[in-house]
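> Residue numbers (numbering that gives the first Met the number 0), protein chains in the order written: chain A, 0 to 204; chain B, 0 to 303.
Every residue, glycine too, gets a C-beta built ideally from N, C-alpha and C.
Computed from a predicted model, the values in this text were never measured in an experiment.
One structure follows; several queries about it will come next.
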Amino acid sequence: MSWAVLSMIILGFALLSFFWRFEKRDVSPKEIALISTMASMAAISRVLFAAIMNVQPTTFVVMITGYVFGPHTGFVVGAIAALVSNFFLGQGPWTPWQMFSWGMCGVSAGLLAGIQKGFKPGRFTVLAGLWGYVFGWIMNIWHWTAFVYPLNWKTFVATYAASFPFDTLHAAGNVVFALIFGQSFYYTLSRFRKKISVKYIDDLS
Amino acid sequence: MLIYKKKDSLIYELHPVTTVSFIAAITLLALIFSHPVYLLGLLLAVGMAVAAAEITREWFYYLRFSLGMMAVIIIVNTIFVQAGTTVVFSGPRIPGLGRVKVTMEALLFSIAMGIRLVVAMSAFCLYTYAVNPDKVLKLFGRFGNRSILTAIMAARLFPLMIKDFKRIVEVYRCRGVKLNTGSWLQRSKNILPVMNVLLLSCLERSFQLAESLWIKGYGSGKRTFYNRDLWRPRDFIVVFSVLISLIIGIWAAIKGWASYTYYPRVESFNLGEIKLAVFLTFILIVPAVLNWGWKRWPLLKSKI
Numbered sequence: 000m001s002w003a004v005l006s007m008i009i010l011g012f013a014l015l016s017f018f019w020r021f022e023k024r025d026v027s028p029k030e031i032a033l034i035s036t037m038a039s040m041a042a043i044s045r046v047l048f049a050a051i052m053n054v055q056p057t058t059f060v061v062m063i064t065g066y067v068f069g070p071h072t073g074f075v076v077g078a079i080a081a082l083v084s085n086f087f088l089g090q091g092p093w094t095p096w097q098m099f100s101w102g103m104c105g106v107s108a109g110l111l112a113g114i115q116k117g118f119k120p121g122r123f124t125v126l127a128g129l130w131g132y133v134f135g136w137i138m139n140i141w142h143w144t145a146f147v148y149p150l151n152w153k154t155f156v157a158t159y160a161a162s163f164p165f166d167t168l169h170a171a172g173n174v175v176f177a178l179i180f181g182q183s184f185y186y187t188l189s190r191f192r193k194k195i196s197v198k199y200i201d202d203l204s
Numbered sequence: 000m001l002i003y004k005k006k007d008s009l010i011y012e013l014h015p016v017t018t019v020s021f022i023a024a025i026t027l028l029a030l031i032f033s034h035p036v037y038l039l040g041l042l043l044a045v046g047m048a049v050a051a052a053e054i055t056r057e058w059f060y061y062l063r064f065s066l067g068m069m070a071v072i073i074i075v076n077t078i079f080v081q082a083g084t085t086v087v088f089s090g091p092r093i094p095g096l097g098r099v100k101v102t103m104e105a106l107l108f109s110i111a112m113g114i115r116l117v118v119a120m121s122a123f124c125l126y127t128y129a130v131n132p133d134k135v136l137k138l139f140g141r142f143g144n145r146s147i148l149t150a151i152m153a154a155r156l157f158p159l160m161i162k163d164f165k166r167i168v169e170v171y172r173c174r175g176v177k178l179n180t181g182s183w184l185q186r187s188k189n190i191l192p193v194m195n196v197l198l199l200s201c202l203e204r205s206f207q208l209a210e211s212l213w214i215k216g217y218g219s220g221k222r223t224f225y226n227r228d229l230w231r232p233r234d235f236i237v238v239f240s241v242l243i244s245l246i247i248g249i250w251a252a253i254k255g256w257a258s259y260t261y262y263p264r265v266e267s268f269n270l271g272e273i274k275l276a277v278f279l280t281f282i283l284i285v286p287a288v289l290n291w292g293w294k295r296w297p298l299l300k301s302k303i
């Protein structure tokens, strides 16, 4: 079987497994509304900055959502932001890969929030910068497996080297957005999370 | 705001499952095939479907966009792969790589992979411009209620948020905040409150959305489905042709007819393989041919 087809199948299963978990979770209307709002906001930020290649606040918006609301919400926001923004920018073979990559940005930020208290701009910014490269590396898999032969270290390094300048731009953009908007977005979203968190008390006596 | 615009063509009148299955089959076959004749056949089929959908101008934008990706394919395959034997250019020695040798085989492989890329891009161009995203999302609603509802709502919110952004920017401009002039740092500082207000406004809207979801009974019971898209004879014809092409394509791939040996030396074409590729192309141009008949003969239009 072609490596490109195999990689698409694995990716499809990975996406399906995350969405399946989302379907099985007990999700309130508030959460649904919040996820669609943040996905739309991430998608818009991609369109607004479309002129500057690879410098888009989408990664940052997805990550900060994942950081505040957890890895599951982060994944769904990232995946849906990629899908929805491509309704307006154009779908391509890259869509499922972007869905997965942005989804994983949200997951990693959610996991980072799990191991530290509050918002630590330094660590968050480093992670955002790293995702500039990791995002490109995930996207390159399809390009390498579908259009390059033989699949060896030489062609692998060459393919990844070709994307290096674009990945660096993405990483730099993420770092700048995280530094400028990180703190304020974190406070706004955290306040909102408290607003939508409802605890039902059964017995008041 | 969606870039999908309905036009007077049969392609837009097909059931979304039919169009999506045609596009998926073209993409899958492009990934399976490495034989240049088979790839050219796919390109012809998808190109005719694009022309039938009257989106050739948009198609050229897609092709222009793929030029950069094509350049990477050519550079990586010709410079970094030394598996061919017919040297057409011998370049300087590069540390770590040795002498750069561009071979005819690597060039031909790059061209074939370029065609593969164009086929995949064309198939997605057709999907972007000729398939209603709402209808496709609703198709999957049966399997993923929450995910699809979230995606549909996100798509609906998109134009609203763009409006919000423009409104907030105007308000800030009226207050004398300069968003287009000054240094990069100054503009970034000025855009900060705009983004914060946009975020707050979006979050407030999500409250209203949640309330209307609640009022409309979201989560109160099992979801019902209503589908307005009918299956017509044209859908059966296209789906049948897609199934036949998939069977032939997979069979050709299993038999090894759809693959081609580029390295160490390109092999000659086999007439039997070419005949099958031509047959496969004829099957895949069915939607374009049907569209031609659909426009030409009102009787056919009424029957299918």
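Quick one: grab the DSSP three-state call for I284 of chain B.
coil
> Across which residues does DSSP place T17 of chain B in a beta bridge pair?
Answer by DSSP bridge pairing: none, since T17 of chain B is not bridged.
> Could you please tell me which residues of the region 5-35 of chain A, in chain order, have their CB closer than 7 Å to any CB of chain B?
From the region 5-35 of chain A, only F18, F21, E22, V26, P28, K29, I31, A32, L33, I34 and S35 have a Cβ closer than 7 Å to chain B.
> Between I195 of chain A and chain B, is any beta-carbon pair separated by less than 9 Å?
yes
> Whose Cβ in chain A lies nearer than 8 Å to the Cβ of S187 of chain B?
By Cβ distance, chain A contributes V175 and I179.
> Does the region 12-30 of chain A come within contact of the region 38-54 of chain A, defined as at least 3 CB pairs closer than 8 Å?
no
> Assess contact between the region 57-66 of chain A and the region 170-178 of chain B, defined as three or more Cβ pairs (one per stretch) separated by less than 8 Å. Is contact present?
no
> Using CA coordinates, which residue listed in B:R186, B:G216, B:V168 and B:N189 is at the minimum distance from S200 of chain B?
B:V168
> Find out if the Cβ-Cβ distance for the pair I63 of chain A, F184 of chain A is shorter than 9 Å.
yes
> Does the region 65-72 of chain A come into contact with the region 186-203 of chain A, if we say contact requires no fewer than three beta-carbon pairs (one atom in each stretch) closer than 8 Å?
Verdict: yes, contact present.
> Tell me the residue span of the beta strand (DSSP E) that contains R98 of chain B.
Start and end: G97 to T102.
> Give me the residue from B:P263, B:L279 and B:W256 with the minimum Cα distance to N269 of chain B.
B:W256
> Less than 9 Å between the C-beta atoms of P286 of chain B and F21 of chain B, yes or no?
yes
> Which residues, taken in chain order from the region 61-93 of chain A, show a beta carbon closer than 7 Å to some beta carbon of chain B?
Using a CB distance below 7 Å, the part of the region 61-93 of chain A facing chain B consists of V75, I79, L82, V83, F86, F87, G89, Q90, G91 and P92, ordered along the chain.
> With 8 Å as the limit, tell me which residues of the region 73-87 of chain B have their beta carbon closer than that to any beta carbon of chain A; keep them in chain order.
So the close ones are I74, V75, N76, I78, F79, V80 and A82.
> May I ask which residues mark the beginning and end of the beta strand (DSSP E) holding F64 of chain B?
Run containing F64 of chain B: none in the beta strand (DSSP E); it sits in the alpha helix (DSSP H), T55 to I78.
> I want to see whether chain A comes within less than 9 Å of W250 of chain B, judged by CB atoms only; does it?
At a cut-off of 9 Å between C-beta atoms, W250 of chain B does not count as an interface residue with respect to chain A.
> Got a sec: which bits of the region 111-133 of chain B sit with their beta carbon under 7 Å from any beta carbon on chain A, in order along the chain?
M112, R115, L116, A119, M120, F123, Y126, T127 and P132
> Quick check on DSSP: helix, strand or coil for S33 of chain B?
coil
> When DSSP labels each residue in this structure, what does G181 of chain A get in the three-state scheme?
G181 of chain A carries a helical assignment under DSSP once its states are collapsed to helix, strand and coil.
> How do the region 158-166 of chain B and the region 117-131 of chain A stand: do at least 3 beta-carbon pairs fall below 8 Å, yes or no?
no
> Does DSSP classify I303 of chain B as helix, strand or coil?
coil
> Since G65 of chain A is in the alpha helix (DSSP H), which residue starts that stretch and which ends it?
T57 to F68
> Rounded to whole angstroms, what is the Cα-Cα separation between F155 of chain A and W143 of chain A?
7 Å
> Per DSSP, what are the beta-bridge partners of F88 of chain B in this structure?
B:V101
> Using a Cβ cut-off of 8 Å, which residues of the region 136-148 of chain A contact any Cβ in chain B, in chain order?
H142, A145, F146, V147 and Y148
> Report the rounded CA-to-CA distance for D88 of chain A versus A52 of chain B, giving the unit in angstroms.
Checking the sequence shown, residue 88 of chain A turns out to be Leu, not Asp. Whole-angstrom Cα-Cα distance: 19 Å.
> State the DSSP-derived secondary structure class of I200 of chain A, mapped to helix, strand or coil.
coil
> From the DSSP output, in three-state form, read off I190 of chain B for me.
helix
> Between G90 of chain B and chain A, is there a C-beta pair that is closer than 9 Å?
no
> Quick check on I93 of chain B: does DSSP put it in helix, strand or coil?
strand
> Rank A:T124, A:A171, A:A145 and A:V75 by C-alpha distance to the C-alpha of S39 of chain A and give the top, closest one.
With distances taken between Cα atoms, S39 of chain A lies closest to A:V75.
> Check distances from the C-beta atoms of the region 134-150 of chain B to those of chain A and list, in chain order, the residues that come in under 8 Å.
G143, N144, R145, S146, L148, T149 and A150
> Per DSSP, what kind of secondary structure is P232 of chain B in: helix, strand or coil?
helix
> Assuming I114 of chain B and L42 of chain B make a contact with CB atoms under 8 Å, what is their CB distance in whole Å?
6 Å
> So does L42 of chain B have its beta carbon nearer than 8 Å to some heavy atom of the ligand COA?
This structure lacks the ligand COA, and indeed carries no ligand of any kind.
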